[in-house]
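When the letters of the sequence shown are read in order and numbered with the numbering used here, they come out as residues 1447 to 1714.
Data first, discussion second: the structure below is written as structure tokens.
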Amino acid sequence: MAAAEGASRFERGMSAGTAVSRLRRSGVVLLTAGILVAAAVAAVLAPWIAPADPDKVDIANRLRPPGWSQAGGPVRLFGTDQLGRDMLSRVIYGARVSLFVGLMSVFGAGGIGVALGVIAGFHGGRVDDVIMRVLDIQQSVPFLALAIAMVAVLGPGLQNIIIVLWIAGWTLYARIVRGETLSIREKEYVTAARALGTRNARILARHVLPNILSPILVIATFTFSHMIITEATLTFLGLGVQPPTATWGAMLSDGRNYMQVAWWLPTF
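Following this line, the structure appears as structure tokens:
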């Protein structure tokens, strides 16, 4: 009887399907997903929808305003920059870099943070103490300051930016996941699963991970935009992706010098 009751409670953990159903009802997740899908489609289709080569220099037509067109040529909807490059094309191609950095940073930082958070919360003890002390020390340093310091050591470039964002961005995931795991491991269905001799790996896969999936994805939607802004900030400061690659941060950095004569450069 006791074993049957334990088995019944064991089956009460949230399934992966239930977790996905809950995510579908989250307005934040759905709105963010819609924006990401639209941006991703534009980035993937950039070679076909961009009106011009984003790196083609045309000094004779530099700083042309939005809507300008040359006789027989395409309309420059966003105008041209200080080198005569088409701004709309650079915005579209810049989305590729930003989305790539955002996705890779979220996957990397999320993977590290979730793994360490689950380990700390599920096993506890000295392992938990060590992970949390490292987390506390890192979170005592401002995120952007830490990222700038690390880029100064590793050097600029796309690959280094992603590595920096991995290392600087895992702490939020780890703290939230640890708290959720601490709560879930005390649930009756987890206790019943342990009493039935279920291995820890199966408990994590069947009960812990499905229950923390929803908060993980909510965090990811917020940190995705944060990672993009951080990459743009570092590139704006000259510490990120280097020219002539089209990036939003580099375009802002170039446009600030022409705000009075070409308002569209920093605007778009």
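Glycine included, C-beta positions come from ideal geometry on N, C-alpha and C.
Same chain, Cβ closer than 7 Å to residue i, neighbours up to 5 away in sequence not counted
i	result
G1548	F1670, M1673, I1674
V1587	none
A1492	I1538, Y1539, R1542
V1573	I1565, A1566
G1701	L1711, P1712
K1502	R1531
A1485	A1541, L1545
Proximity winner among the options, relative to residue i (alpha-carbon distances)
i	options	result
T1676	G1571, A1696, P1689, P1661	A1696
N1507	R1640, M1533, L1655	M1533
G1684	R1640, P1602, P1690	P1602
R1621	W1494, T1644, L1711, D1575	D1575
A1614	A1498, E1634, M1596	M1596
W1612	P1689, L1590, K1633	L1590
G1604	K1633, L1545, Q1688, N1646	The sequence shown places Leu at residue 1604, not Gly. The option with the nearest alpha carbon to L1604 is Q1688.
Sequence-distant residues of its chain with Cβ nearer than 6 Å to residue i (five each side left out)
i	result
I1558	W1616
T1692	Reading off the sequence shown, one finds Ala at residue 1692, where the question assumed Thr. Hits under 6 Å: P1500, R1536, Y1539, G1540.
M1550	I1608
Q1585	T1617
Exposed unless 16 or more other CB atoms sit within 10 angstroms - verdict on residue i
i	result
G1686	buried
W1710	buried
F1568	buried
E1626	buried
S1629	exposed
G1643	exposed
R1522	buried
DSSP state of residue i mapped onto helix, strand, coil
i	result
W1709	coil
D1700	helix
D1438	Here the chain has residues from 1447 to 1714 only, and residue 1438 is not among them.
R1645	coil
V1521	strand
T1693	coil
Contacting residues, own chain, Cβ-Cβ under 8 Å from residue i (five flanking each side not counted)
i	result
T1526	D1504, N1507, R1508, L1509, R1510, W1514, D1532, M1533
V1560	Y1619, A1620, V1623, I1658, I1662
L1698	A1678, F1682, P1712
Which parts of the stretch 1576–1642 are runs of the alpha helix (DSSP H), unbroken and 4 residues or longer, counting only runs that do not cross its ends?
At a cut-off of 4 residues, the continuous stretches assigned as alpha helix (DSSP H) that sit fully inside the stretch 1576–1642 are 1589–1600, 1604–1630, 1634–1641.
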